[in-house]
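This report concerns only the one structure given below.
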Amino acid sequence: MSHALELTQTERKIAERIDPSSMDGLTVSSSAGGIVFANAAEVMNYAKMMAVANSGVRKHLRGNVGACLAIVTQAVEWGMSAYAVANKSYFFNDQIAFESQLVQAVILKRAPIKGRIKFEFTGEGEKRKCRAWARLADDPEEIAEYISPEFGKITPKNSPLWKSDPDQQHCYYAGRALCRRHFPDVLLGVYGEDELTPPPPGPDNARDVTPAKGLNAKLDALAARPKSQIDHAEDAEFSEAFTGGDHETGANETVPESDGGGDDPAPDIDPQSAAYKLGHDGGMKGFRKGLTAAIKEDPAQLANYEAGYSAALHEKNREDD
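Residue numbers (the UniProt record's numbering): 1 to 321.
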């Protein structure tokens with residue numbers, strides 16, 4: 001029976017590296033995000049604790065120390081709770097992005113304005129525009145403003161709020177653009193869902209749309225591998241959680257979960273297949289080279305890739321012996 005608070009093998013190894021003594025100096029504060037850090041060691045250990053928090057953070061941060069460190073560092077700069085920032089973040093195109101609500105909160109907290117941003121609309125339908133303006137803190141008589149493009153000309157529209165609550169998202173859009181135009185330092189390196197566009201089409205970004213096979217196929221393929229190979233694969237995966245790896249998909253991506261339906265037979269392992277050779281090449285070099293989203297989403301290709309990767313690790317171990 002699965003329990004929500006059980007740790008994965010990678011998370012257990014991260015937990016073993018947490019230094020409890022370095023957390024003794026943490027100061028709890030009602031301001032500054034709730035925690036005051038004295039040095040970088042405390043920040044790093046806090047990031048490790050976040051990475052093993054399981055349901056305390058969103059799935060893309062679990063077991064990912066590097067991403068958690070980025071979140072904690074950003075939260076410290078903003079004077080906000082690291083967990084609040086973490087739960088308003090997500091991955092998009094291998095980058096950390098933040099929900100519009102959090103972006104607006106950061107603007108209100110850090111932008112040199114007096115009071116809050118004001119909004120007004122003109123026009124209707126596709127011609128609708130939003131004006132955002134605010135008074136400057138050092139000169140309340142001066143106003144910084146931004147007028148959005150017409151609703152129909154705004155792209156991309158990645159957020160679901162563009163359909164469910166278009167005026168709300170239009171305000172988010174205009175407020176963020178106001179900040180980028182007049183106070184660019186406030187949101188430096190921070191992106192919302194509407195600022196990250198999908199990758200351009202091409203062979204490197206091709207996606208296999210074949211329906212995923214059942215979970216049993218993956219489990220059968222994994223069970224067929226010797227335990228020593230599985231252990232080596234786990235160690236390599238754990239190492240990538242700290243080093244960032246060097247494969248095409250980025251260390252922050254995980255294999256998508258299947259719905260568990262179906263009882264398909266285990267995929268055939270073909271040493272001549274492209275996926276097997278790619279995995280073998282990666283195993284010989286010590287990182288998961290070329291593990292693309294298309295391979296991850298195809299159980300047959302994934303099984304061949306993992307088989308090649310494990311075979312390479314086994315060969316290297318025999319050479320070392």
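Even for Gly, the Cβ is constructed at its ideal location relative to N, Cα and C. Since the model is a prediction, treat every value here as computed from it, not as a measurement.
It is roughly 54 Å from the alpha-carbon of F121 to the alpha-carbon of L278. In the structure shown, G115 adopts extended strand secondary structure according to DSSP, grouped into three states.
Around the CB of I143, fewer than 16 other CB atoms lie within 10 Å, so the residue is classed as exposed.
The stretch 170-184 and the stretch 143-152 touch, with three or more beta-carbon pairs separated by less than 8 Å. Bridge pairing for V36: T27 [DSSP].
Here R288 is buried. Its C-beta has 16 or more other C-beta atoms within 10 Å.
Counting of Cβ neighbours within 10 angstroms places G192 among the buried residues, the total reaching 16 or more.
Cβ contact annotation for S100 (same chain, cutoff 6 Å, sequence separation greater than five): Y172, G192, in chain order. Ranked by Cα distance from L69, the first of M50, V103, N54, I269 is M50. If you draw a 10 Å sphere on the C-beta of R116, you find fewer than 16 other C-beta atoms in it, and that means exposed.
Contact between P156 and D194 holds, with the beta-carbon distance rounding to 6 Å and staying under 8 Å. Nearest neighbour of V43 by Cα position, chosen from L136, H170, T27, P299, turns out to be T27. By the beta-carbon neighbour count (other beta carbons within 10 angstroms, threshold 16), N39 is exposed. Of all alpha-carbon atoms in I269, I113, E297, the one lying nearest the alpha-carbon of P140 is that of I113. Less than 8 Å separates the beta-carbon of V186 from that of A111. About 5 Å separates the beta carbon of F92 from that of L196, a gap short enough to meet the 8 Å contact definition. Taking every protein chain shown into account, the CB of K48 has 16 or more other CB atoms within 10 angstroms, so this residue is buried.
The shortest CA-to-CA distance from L102 to any of R135, V190, R58, D167 is the one to V190. In this model, G66 and K127 are separated by some 43 Å (Cα to Cα). In this structure, S310 sits away from G290, with a CB-CB distance that is not shorter than 8 Å. K129 is the residue among I71, K129, I107 whose C-alpha sits nearest the C-alpha of K153. Here R62 is buried. Its C-beta has 16 or more other C-beta atoms within 10 Å.
Looking at the backbone, the Cα of N54 and that of T8 are separated by about 9 Å. Its Cα nearest to that of R58, the residue A97 stands out among A97, P149, D165.
The closest CA to that of D298, considering only H280, I107, P149, A275, is found on A275. Its chain contains S100, Q168, Q169, Y172 as the residues whose beta carbon lies nearer than 8 Å to that of L161, once the 5 sequence neighbours on both sides are disregarded; these appear in chain order.
Fully contained in the stretch 110-173 are the following beta strand (DSSP E) runs of length 3 or more, in chain order: 113-122, 129-136, 143-147.
Taking the C-beta atoms as reference points, G79 is found nearer than 8 Å to K109.
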